[in-house]
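S.K.: Let me give you the structure first, and then I'll get to my questions.
In the numbering used here, the protein residues as written are 6 to 416.
See below:
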């Protein structure tokens, strides 16, 4: 049983152990015996697993893709048992949500083999605490996000940059931006040109493996379909073919209008559903799948599953599947990078990004932000304390005018 798995596993590490290490590798040592990495399709979970495996001897670590039909003959418990008997130390399961009995068998593996370390990856929609066997007391769950603008520059061009906290960017943005712009200029790179590339194709690491943009966007659309038609169906048994079609239609409506302030009535009419609960559930499922982001009024709204104040696509690359308006792309970028920043920080509910009564965003129940082009003024946020402009088309800011691209250095 293990001979063929080892052969595939060795080939997997060889092909996916990229030199560049993203924030996740640097921040998360995954020392616990059972670690689960969740995230949207295409953001680099599989490569991250290969990089963790590379620290082990060739037969000390084993990779098993649960999306591979050839691995369906044995249970993951049987694989773990055989691997542990041969002195295995690290067992990695990819696409764990594709395995029917994942929660029960991961629990059994954890309880039966105390010397075996397990890493499992799955869809961002996977709800660990709602599995048939609660793993919340055994597993540490990590959410991985796509690349920041900083990581894009490092991966694509070989730079080495520090990340900065939100407070550091707000308080010392001019010094930070000057340093970054000077470093790029020394290699004849202009930050705004590279920022445009990032907005279009820089969020997903796999762009570098694509021959051109056409193939990239074809792959991106395929990943969207798999996320809805396969991943959501595997995770939420209550969904069926009809509801999946409705969810895909809802995403199409959103893609034509984002970012927009929704009304439940208009959304129900657009996909022909009758009750509020259903439309809210569908929005939540698209959010779970990492395809949209819901901007809520407050952390209490999130808990109560209230209507979102605004709906965004999950990242700016998704917007370029169509012909986006640059103002919408700017807001989407800011929403994406800040929400990812708070996800990585494991922030408490008040440490988040919410809608603002004036301006575009309200951060940490403290900072009011207006996003725009270089000619945007303070009219909409005049006399509001702790407010600032996040402006596109400027390399370096001044005072309360901060370059929009710099918020891509939060992680």
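Glycine is no exception: its CB is placed at the ideal position from the N, C-alpha and C atoms.
For residue 256 and residue 14, what's the separation of their Cα atoms in angstroms?
M.R.: 36 Å
S.K.: Output the distance between the C-alpha atoms of residue 212 and residue 218, rounded to the nearest integer angstrom.
M.R.: 8 Å
S.K.: In the DSSP output, which residue or residues are listed as bridge partners for residue 125?
M.R.: Residue 125 is bridged to 41, 98.
S.K.: Just the Cα atoms here: how many angstroms apart are residue 31 and residue 51?
M.R.: 16 Å
S.K.: Measure the alpha-carbon distance for residue 153 versus residue 414 and round it to whole angstroms.
M.R.: 7 Å
S.K.: Kindly list the residues whose CB is nearer than 6 Å to the CB of residue 308, restricted to its own chain and excluding five residues on each side of it in sequence; keep chain order.
M.R.: With a pLDDT of 47 at residue 308, under the threshold of 50, the predicted position of this residue should be treated as unreliable, though the coordinate-derived value follows. Excluding sequence neighbours, residue 308 sits near nothing in its chain.
S.K.: Could you tell me which whole alpha helix (DSSP H) segments of length 4 or greater appear in the stretch 55–90?
M.R.: 81–90
S.K.: Going residue by residue through the stretch 197–280, where are the continuous beta strand (DSSP E) segments of at least 3 residues, counting only ones entirely within it?
M.R.: none
S.K.: By the DSSP assignment, the beta strand (DSSP E) with residue 346 in it spans what residues?
M.R.: No beta strand (DSSP E) contains residue 346, which is instead part of the alpha helix (DSSP H) from 331–349.
S.K.: In the DSSP assignment, what are the bridge partners of residue 395?
M.R.: 376, 407
S.K.: To the nearest angstrom, how far is it from the Cα of residue 258 to the Cα of residue 221?
M.R.: 22 Å
S.K.: Expressed to the nearest angstrom, what Euclidean distance is found between the alpha-carbon atoms of residue 263 and residue 292?
M.R.: 14 Å
S.K.: List the whole-angstrom C-beta distance separating residue 150 from residue 345, where the pair is believed to meet the contact cut-off of C-beta under 8 Å.
M.R.: 4 Å
S.K.: For residue 396 and residue 379, I'd like the C-alpha separation in whole angstroms.
M.R.: Answer to the nearest angstrom: the Cα atoms are 5 Å apart.
S.K.: Exposed or buried, residue 192, counting other C-beta atoms within 10 Å across all chains shown (16 or more means buried)?
M.R.: exposed
S.K.: Apart from the five residues on each side of it in sequence, which residues of its chain come closer than 6 Å, Cβ to Cβ, to residue 120?
M.R.: none
S.K.: Please state whether DSSP places residue 118 in a helix, a strand or coil.
M.R.: The answer is coil: DSSP assigns residue 118 none of H, G, I, E or B.
S.K.: Quick check: does the Cβ of residue 89 come within less than 6 Å of any heavy atom belonging to the ligand NAD?
M.R.: As for the ligand NAD, it is missing from this structure, which has no ligand bound.
S.K.: Among 84, 39, 73, whose alpha-carbon lies nearest the alpha-carbon of residue 8?
M.R.: The residue among 84, 39, 73 with its C-alpha nearest the C-alpha of residue 8 is 84.
S.K.: Please determine, among 390, 247, 48, 155, the residue with the shortest C-alpha to C-alpha distance to residue 203.
M.R.: The candidate whose alpha carbon is nearest that of residue 203 is 155.
S.K.: Specify the secondary structure class of residue 299 as computed by DSSP and reduced to three states.
M.R.: strand
S.K.: Please classify residue 103: is it buried, with 16 or more other beta-carbons within 10 angstroms of its beta-carbon, or exposed?
M.R.: buried
S.K.: Measuring CA to CA, which of 402, 363, 410 is closest to residue 387?
M.R.: The shortest Cα separation from residue 387 among 402, 363, 410 belongs to 363.
S.K.: Determine the contact status of residue 325 and residue 205, defining contact as a CB-CB distance below 7 Å.
M.R.: yes
S.K.: Looking at residue 268: is its Cβ nearer than 7 Å to the Cβ of residue 315?
M.R.: no
S.K.: Answer yes or no: do residue 55 and residue 129 have a C-beta to C-beta separation smaller than 7 Å?
M.R.: no
S.K.: What is the C-beta distance between residue 38 and residue 123, in whole angstroms, given that I count them as a contact (C-beta under 8 Å)?
M.R.: 7 Å
S.K.: Beta carbon of residue 182, beta carbon of residue 376: below 7 Å?
M.R.: no
S.K.: Could you round the C-beta distance between residue 210 and residue 332 to whole angstroms and report it? I think they count as a contact, below 8 Å.
M.R.: Contact flag wrong, Cβ pair sits at about 27 Å.
S.K.: Rounded to whole angstroms, what's the CA-CA distance from residue 216 to residue 319? Just pull it up for me.
M.R.: Distance between the alpha carbons of residue 216 and residue 319 is about 24 Å.
S.K.: Going by C-alpha to C-alpha distance, which of 65, 64, 80 sits closest to residue 71?
M.R.: Ranking the options by Cα distance to residue 71, first place goes to 80.
S.K.: With which residues is residue 368 paired in a DSSP beta bridge?
M.R.: 358, 372
S.K.: Which residue comes first and which comes last in the beta strand (DSSP E) that contains residue 315?
M.R.: 315–318
S.K.: Distance check for residue 58 and residue 33, CA to CA, integer angstroms please.
M.R.: 14 Å
S.K.: Whose CA, out of 289, 290, 100, 358, lies closest to the CA of residue 77?
M.R.: 100
S.K.: When you compare the CB positions of residue 35 and residue 131, do they come within less than 7 Å of one another, or not?
M.R.: no
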